[in-house]
Amino acid sequence: MPLRRLYDWVLSWAESPHGSWALFLLALVEASFFPIPPDVLLLALALAQPSRSFCFAMLATSGSVLGGLLGYAIGALLWGSLAGLFFAYVPGLTEEKFGTVQLWFQEYEFWTIFVAGFTPIPYKVFTITAGVMGVNLPVFVFASILSRGLRFCIEAVLLWRWGAQMKAVIDRYFNLLTLVGTALIVLVYVAYKLLK
Numbered sequence: 016m017p018l019r020r021l022y023d024w025v026l027s028w029a030e031s032p033h034g035s036w037a038l039f040l041l042a043l044v045e046a047s048f049f050p051i052p053p054d055v056l057l058l059a060l061a062l063a064q065p066s067r068s069f070c071f072a073m074l075a076t077s078g079s080v081l082g083g084l085l086g087y088a089i090g091a092l093l094w095g096s097l098a099g100l101f102f103a104y105v106p107g108l109t110e111e112k113f114g115t116v117q118l119w120f121q122e123y124e125f126w127t128i129f130v131a132g133f134t135p136i137p138y139k140v141f142t143i144t145a146g147v148m149g150v151n152l153p154v155f156v157f158a159s160i161l162s163r164g165l166r167f168c169i170e171a172v173l174l175w176r177w178g179a180q181m182k183a184v185i186d187r188y189f190n191l192l193t194l195v196g197t198a199l200i201v202l203v204y205v206a207y208k209l210l211k
């Protein structure tokens, strides 16, 4: 149950006067190596202070993009000497997943980062792989800002408007909601390409 204790510890920051900074730091480290997503703390903070929901979303986005750059740097500069440690200790990062992500990057740089940033799949796998692959840095940053910003702002809007009711829905159906949202984005993109 160490992951559950870690989850509870993250949530405890929602009651702290330093909750905003904890959210920023959580988003930063989650994008490169930490197992608990920042959404947990973002939802708790936004529920407690709905008027600051958008501020929290921007903090989470900023921290996540900077953390993504940290993951990118790890991949670009340190991967050769740290790969074994990451495969052994970073939840969600396996050699098989890493190889699959490399193939995706070869075909779809922007969309790979966008989908990873928007959905609940481990973003850190993609940030590190982007660095290893030498993905175009402006493309990486733009896709990260867009996807993480969209994800966190949607959560903020929902909590700002519907509060506790929406938190229960998000907590219960988070994975399904983000996958449906991603599928809609992909469908719009495919329709656009077909009609063009």
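Numbering (the numbering used here), first residue to last: 16 to 211. A virtual CB, placed ideally from N, CA and C, is assigned to each residue, including glycine. Note that the coordinates shown come from a computational prediction; the quantities given were computed from them, not determined experimentally.
Subject >> Of the residues W175, D23, T127, the one placed nearest T197, counting alpha carbons only >> reply: Counting from one through the sequence shown, the residue named residue 197 turns up at place 182. Of the listed residues, the one whose Cα sits closest to T197 is T127.
Subject >> Identity of the residue in W175, F102, W177 nearest T144 by Cα >> reply: For this step, residue 144 is matched to residue 129 along the sequence shown. It is F102.
Original post:
Mind pulling the beta strand (DSSP E) runs of 3 or more residues that sit fully within the region 26-80?
Top reply: Fully enclosed beta strand (DSSP E) runs of 3 or longer: not present.
Subject >> Cα-Cα separation between A75 and N151, rounded to whole angstroms >> reply: Here residue 75 is taken as the residue at index 60 of the sequence shown, counted from 1. Here residue 151 is taken as the residue at index 136 of the sequence shown, counted from 1. One Cα belongs to A75, the other to N151, and the distance between them is close to 23 Å.
**OP:** Could you tell me whether the Cβ atoms of M148 and F125 are closer together than 8 Å?
**Re:** Here residue 148 is taken as the residue at index 133 of the sequence shown, counted from 1. Here residue 125 is taken as the residue at index 110 of the sequence shown, counted from 1. Result no, Cβ atoms of M148 and F125 do not sit closer than 8 Å.
Subject >> Proximity winner among L100, Y123, G83, relative to I160 (alpha-carbon distances) >> reply: On the sequence shown, position 145 is the one that residue 160 refers to. Of L100, Y123, G83, the residue nearest in Cα terms is G83.
Original post:
If you drop the 5 nearest sequence neighbours on each side, which residues of the same chain put their C-beta closer than 6 Å to that of A91?
Top reply: The count along the sequence shown starts at 1 and reaches residue 91 at position 76. Excluding residues within five positions, the ones whose Cβ falls inside 6 Å are G146.
Original post:
At what residues does the alpha helix (DSSP H) containing G146 begin and finish?
Top reply: Residue numbering aside, residue 146 sits at position 131 when the sequence shown is read from its first letter. Segment 138-148, the alpha helix (DSSP H) holding G146.
**OP:** For G86, count neighbouring Cβ atoms within 10 angstroms of its own Cβ and tell me buried if that reaches 16, exposed if not.
**Re:** Position 71 of the sequence shown, counted from the start, is the residue given in the question as residue 86. The Cβ neighbour count for G86, taken over all protein chains shown within 10 Å, is at least 16; the residue is labelled buried.
Original post:
Using the C-alpha atoms, what's the distance from G34 back to R166?
Top reply: Translated into the one-based positions of the sequence shown, residue 166 becomes position 151. Translated into the one-based positions of the sequence shown, residue 34 becomes position 19. Distance between the alpha carbons of R166 and G34 is about 20 Å.
Original post:
What are the start and end residues of the alpha helix (DSSP H) that includes L118?
Top reply: As a working mapping, residue 118 is identified with position 103 in the sequence shown. 110-122 is the extent of the alpha helix (DSSP H) around L118.
**OP:** Would you give the residue range spanned by the alpha helix (DSSP H) that C98 belongs to?
**Re:** Within the sequence shown, residue 98 is the residue found at index 83, counting from 1. As written in the sequence, residue 98 is Ala, which differs from the Cys given in the question. Per DSSP, the unbroken alpha helix (DSSP H) holding A98 starts and ends at 94-104.
Subject >> Inter-stretch contact (C-beta, 8 Å, three-pair minimum) for the region 97-114 and the region 55-71 >> reply: Short answer: they don't touch.
Original post:
Leaving out five residues before and five after E111 in sequence, what residues of the same chain have Cβ atoms less than 7 Å from its Cβ?
Top reply: Your numbering for residue 111 matches position 96 in the sequence shown. Take E111, set aside five residues on each side of it, and no residue of its chain has a beta-carbon closer than 7 Å to its own.
Original post:
On the premise that G78 lies in contact with A42, defined as a C-beta separation below 8 Å, what is that separation, rounded to the nearest angstrom?
Top reply: As a working mapping, residue 42 is identified with position 27 in the sequence shown. As a working mapping, residue 78 is identified with position 63 in the sequence shown. At roughly 3 Å, the Cβ-Cβ gap stays under 8 Å, so A42 and G78 are in contact.
Subject >> Rounded C-alpha distance that separates C168 from W94 >> reply: The residue you call residue 168 lines up with position 153 of the sequence shown. The residue you call residue 94 lines up with position 79 of the sequence shown. For C168 and W94, the distance between alpha carbons rounds to 32 Å.
Original post:
Quick one: is V130 buried, meaning 16 or more other Cβ sit within 10 Å of its Cβ, or exposed?
Top reply: By 1-based counting over the sequence shown, the position of residue 130 is 115. Burial state of V130 is buried, judged by a 10 Å Cβ sphere holding 16 or more other Cβ atoms.
Original post:
DSSP state of M16, grouped into three classes?
Top reply: Within the sequence shown, numbered from 1, the residue matching residue 16 stands at position 1. Caution applies to M16, whose pLDDT of 47 falls short of 50 and renders its modelled position unreliable; the value that the coordinates give is listed next. Reduced to three states, the DSSP call for M16 is coil.
Subject >> Cβ pair S212, W175 closer than 8 Å >> reply: No answer is possible for residue 212: the residues shown for the chain start at 16 and end at 211.
Original post:
Where does G178 sit, in a helix, a strand or coil, going by DSSP?
Top reply: Start at 1 with the first residue of the sequence shown, and residue 178 comes out as number 163. The three-state secondary structure of G178, taken from DSSP, is helix.
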